[in-house]
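In the working numbering, the protein residues as written are 14 to 72.
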């Protein structure tokens with residue numbers, strides 16, 4: 014079962030984070046159009062660990 018959380022950032026960017034979607038030790042946060050917004054590294058306990066990668070909505 015997937016659990017979706019929606020965010021509204023100060024720059025009015027809307028994004029969706031599928032908090033159950035953990036691939037390769039990263040949580041994936043998506044734009045509403047389905048493209049990846051951020052990859053957030055996490056450890057075995059699911060805690061944030063390290064720096065994240067951020068992408069523009071256009072790709």
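Glycine residues also receive a C-beta, built at the ideal position from the N, C-alpha and C atoms.
- Query: residue 67 bridges to which residues according to DSSP?
  - Reply: 51
- Query: Are the beta-carbon atoms belonging to residue 49 and residue 61 less than 8 Å from one another?
  - Reply: no
- Task: Quick one: residues in its chain with C-beta nearer than 6 Å to the C-beta of residue 51, no 5 flanking neighbours on either side, listed in chain order?
- Result: The residues are 42, 65 and 67.
- Item | residue 71 versus 45, 56 and 57, residue with shortest Cα-Cα distance | 45
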